[in-house]
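Residue numbers for the sequence shown follow the numbering used here, so the first one is 60 and each next one is one higher. Even glycine gets a Cβ: it sits at the ideal position worked out from N, Cα and C.
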Amino acid sequence: MKFIDEARIEVIAGQGGAGSASMRREKFIEFGGPDGGDGGKGGSVWAVADRNINTLIDYRYAKTHTAKNGEPGRGADCYGRAGDDIELRMPVGTIIADYETGEPIADLTTHGERLCLAQGGVGGWGNIHFKSSTNRAPRQKTNGKPGERRKLKLELKVLADVGLLGMPNAGKSTLITAVSNARPKIADYPFTTLHPNLGVVRVGNERSFVIADIPGLIEGAAEGAGLGHRFLRHLQRTGVLLHLVDLAPFDENVDPVADANAIVNELRKYDEALVEKPRWLVLNKVDMIPEEDRKKVVADFVKKFKWKGPMFEISALTGLGCDKLCYALQDYLDSVRRDRDEQDERAQDPRYKDQLEDKKPD
């Protein structure tokens with residue numbers, strides 16, 4: 060399925076129904092008085108987060124979504140029927156913003172979360188509301204109010220545990236194919252990956268994590284060069300970044316250290332928080348280096364790149380080192396989840412209330 064991560068839509072809530080100017084007419088009742096009911100409320104437009112949806116492709120083609128109008132009021136003090144609401148189901152991780160002002164409206168982060176995008180108009184008043192001691196037979200009524208109308212921008216940030224980043228042809232798509240159920244397009248030319256790919260990596264019966272592959276970055280991506288700048292936002296919600304480096308490029312003029320530094324610089328330009336996010340170095344294509352030279356090549360790269368964090372040597376094509384990498388990622392993610400769960404429990408436990416308040420900054 061083609062991954063669509065942006066869409067622009069217009070939502071139109073229903074108009075309220077008109078009130079009724081009716082008079083009571085019954086046998087033996089000559090002056091029954093007003094009995095016009097109010098109009099029904101217009102339908103509203105709701106956004107609902109759904110974890111079973113992973114793309115905004117439906118909204119790329121269906122751009123206008125209109126709720127039903129409320130029905131008019133009737134005699135005998137009968138209110139009009141309210142217009143039906145409509146629900147727009149969106150992937151978890153969708154950010155909704157006003158298209159004209161750019162102001163953020165909502166961030167759908169949990170399954171089942173609901174948000175009203177456009178409120179339906181209220182129904183008009185029937186003539187029963189205008190009855191008074193001096194006006195026993197009012198003919199006034201009011202029309203229903205129009206519903207809200209908004210133009211919105213939808214933007215999807217992938218919710219993945221692990222994000223892959225690197226230059227084009229670094230082997231990201233090959234790695235996600237080797238370790239998960241994802242089957243992205245793989246070829247020996249740059250920018251084979253045009254859309255983010257998600258894969259589930261299973262390391263046990265009940266142990267798994269989601270990995271995201273985004274299009275390769277090039278120098279200047281933060282300013283719009285290449286393809287990666289459109290997809291850098293997907294890395295903002297990952298738990299850990301895997302920085303893939305092609306340690307054995309076919310082009311002798313390519314410097315792996317310069318490429319790795321260029322990626323870090325692009326992250327810093329786009330969002331300083333991405334640089335501070337946990338990042339592991341993954342040296343790919345080590346099988347292309349003679350075994351007697353491999354240790355020296357790796358050591359030279361680490362020294363020039365000035366890397367001090369976790370590092371793994373793999374071959375995504377042959378699978379060398381991939382299992383070790385996946386198990387280490389799963390252990391790290393499990394540890395982070397346990398710490399987060401413990402913090403949540405402490406926050407809810409009254410016994411730790413004083414300790415938590417003492418830790419709050421002044």
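To the nearest whole angstrom, what separates the beta carbons of alanine 108 and threonine 160, a pair I think is in contact under 8 Å?
Indexing the sequence shown from 1 puts residue 108 at position 49. Indexing the sequence shown from 1 puts residue 160 at position 101. The pair is not a contact, with the Cβ atoms about 23 Å apart (cut-off 8 Å).
Out of Lys367, Lys328, Tyr386, Val357, point me to the one whose CA is closest to alanine 307's CA.
Locating residue 307 in the sequence shown gives position 248, counting from the first residue. Out of Lys367, Lys328, Tyr386, Val357, Val357 has the C-alpha closest to the C-alpha of alanine 307.
Less than 8 Å separating the beta-carbons of alanine 66 and asparagine 186?
Position 7 of the sequence shown holds residue 66. Position 127 of the sequence shown holds residue 186. Result no, Cβ atoms of alanine 66 and asparagine 186 do not sit closer than 8 Å.
Tell me the rounded alpha-carbon separation between arginine 353 and valine 304.
Against the sequence shown, residue 353 aligns to sequence position 294. Against the sequence shown, residue 304 aligns to sequence position 245. Cα to Cα, the separation comes out at about 15 Å.
Does the beta-carbon distance from arginine 209 to aspartate 157 come in below 8 Å?
Here the question's residue 209 lines up with position 150 in the sequence shown. Here the question's residue 157 lines up with position 98 in the sequence shown. Yes, the Cβ-Cβ distance between arginine 209 and aspartate 157 is below 8 Å.
If we count the other Cβ atoms within 10 Å of its Cβ and call it buried at 16 or more, is glutamine 402 buried or exposed?
Here residue 402 refers to the residue found at position 343 when the sequence shown is read from its first residue. Glutamine 402 comes out exposed.
Integer-rounded CB distance, given that lysine 200 should sit under 8 Å from alanine 72:
In the sequence shown, counting from the first residue as 1, residue 72 sits at position 13. In the sequence shown, counting from the first residue as 1, residue 200 sits at position 141. Contact flag wrong, Cβ pair sits at about 22 Å.
Within 8 Å, strictly: CB atoms of leucine 224 and leucine 115
Here residue 224 refers to the residue found at position 165 when the sequence shown is read from its first residue. Here residue 115 refers to the residue found at position 56 when the sequence shown is read from its first residue. No. Outside cutoff.
If you follow the alpha helix (DSSP H) that alanine 319 is in, where does it begin and where does it stop?
Residue mapping note: residue 319 aligns to position 260 of the sequence shown, counting from 1. That run of the alpha helix (DSSP H) goes 315–329.
Do the region 176–186 and the region 136–144 touch if we need at least three Cβ pairs shorter than 8 Å?
yes
Between the C-alpha atoms of arginine 405 and glycine 142, what's the straight-line distance to the nearest angstrom?
Against the sequence shown, residue 405 aligns to sequence position 346. Against the sequence shown, residue 142 aligns to sequence position 83. Answer to the nearest angstrom: the Cα atoms are 45 Å apart.
Unbroken alpha helix (DSSP H) runs of length 4 or more, entirely within the region 105–159: which are they?
116–120
For the alpha helix (DSSP H) that contains serine 232, what are its first and last residues?
In the sequence shown, residue 232 corresponds to position 173, counting from 1. Residues 231–238.
Separation of arginine 133 from arginine 397, as counted between CA atoms
What you label residue 397 is simply residue 338 of the sequence shown in a count that begins at 1. What you label residue 133 is simply residue 74 of the sequence shown in a count that begins at 1. In a straight line, the C-alpha of arginine 397 is about 60 Å away from that of arginine 133.
Buried or exposed, going by whether 16 or more other CB atoms sit within 10 Å of the CB of lysine 100?
Locating residue 100 in the sequence shown gives position 41, counting from the first residue. Answer is buried; the Cβ neighbour count reaches 16.
With 16 other CB atoms within 10 Å as the buried threshold, where does serine 239 fall?
What you label residue 239 is simply residue 180 of the sequence shown in a count that begins at 1. With 16 or more other Cβ atoms within 10 Å, it is buried.
Would you mind reading off the limits of the alpha helix (DSSP H) that contains glutamate 352?
Here residue 352 refers to the residue found at position 293 of the sequence shown. Sequence inspection shows aspartate at residue 352; the glutamate mentioned does not correspond to that position. Element bounds for aspartate 352: 350–364.
Whole angstroms is fine: what's the gap from glycine 96's alpha carbon to arginine 148's?
Position 37 of the sequence shown, counting from 1, holds the residue named residue 96. Position 89 of the sequence shown, counting from 1, holds the residue named residue 148. One C-alpha to the other measures close to 34 Å.
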